[in-house]
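For reference, the structure is listed below as structure tokens.
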Amino acid sequence: MMSSVEMIFIDSQMKLHNITLFQVESTLRRLVGSDESTSQLELVLSAIRYIRELQSQLENDKENDVPDTVTSNSKTIEPSSLELESTRIFGNPSTFYGT
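In the working numbering, the protein residues as written are 14 to 112.
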């Protein structure tokens, strides 16, 4: 037989579990815009559709797409040109190290 402390602990864990489930369900309802009359099954299916739509947007780069004009107008910088530019700005690195 369980002690009263164990029973209280189990009861509190069950209440916590129920509160957590309620919070998850409420969050899903807000996310997909459903009301209380929507069944839990329909709620989960709506959430899955919503997640798949977001995934599709990311895969197609709809939100993070860089226009072709931006990439075509940019030039490639070669490492040698960076070395020349840094030498022009900062001087010859060998003079700093005495070589």
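For glycine and all other residues, C-beta sits at the position ideal for the given N, C-alpha and C.
Length of the line joining the Cα atoms of residue i and residue j
i: S47; j: R62; result: 13 Å
i: M27; j: F35; result: 12 Å
i: S50; j: A60; result: 16 Å
i: E55; j: L44; result: 13 Å
i: N31; j: E66; result: 29 Å
Proximity test, Cβ basis, 8 Å: residue i and chain D
i: S39; result: Protein chains in the displayed structure number just one, and chain D is not present.
Three or more C-beta pairs closer than 8 Å, one from the segment 15-23 and one from the segment 35-46: is that the case here? For the pair of segments examined, the segment 15-23 was found not to touch the segment 35-46: the number of CB pairs separated by less than 8 Å stays below three.
At 4 residues or longer, what runs of the alpha helix (DSSP H) sit wholly inside the segment 25-83? Positions of the alpha helix (DSSP H) runs, each at least 4 residues long and wholly inside the segment 25-83, are given as 53-72 in order along the chain.
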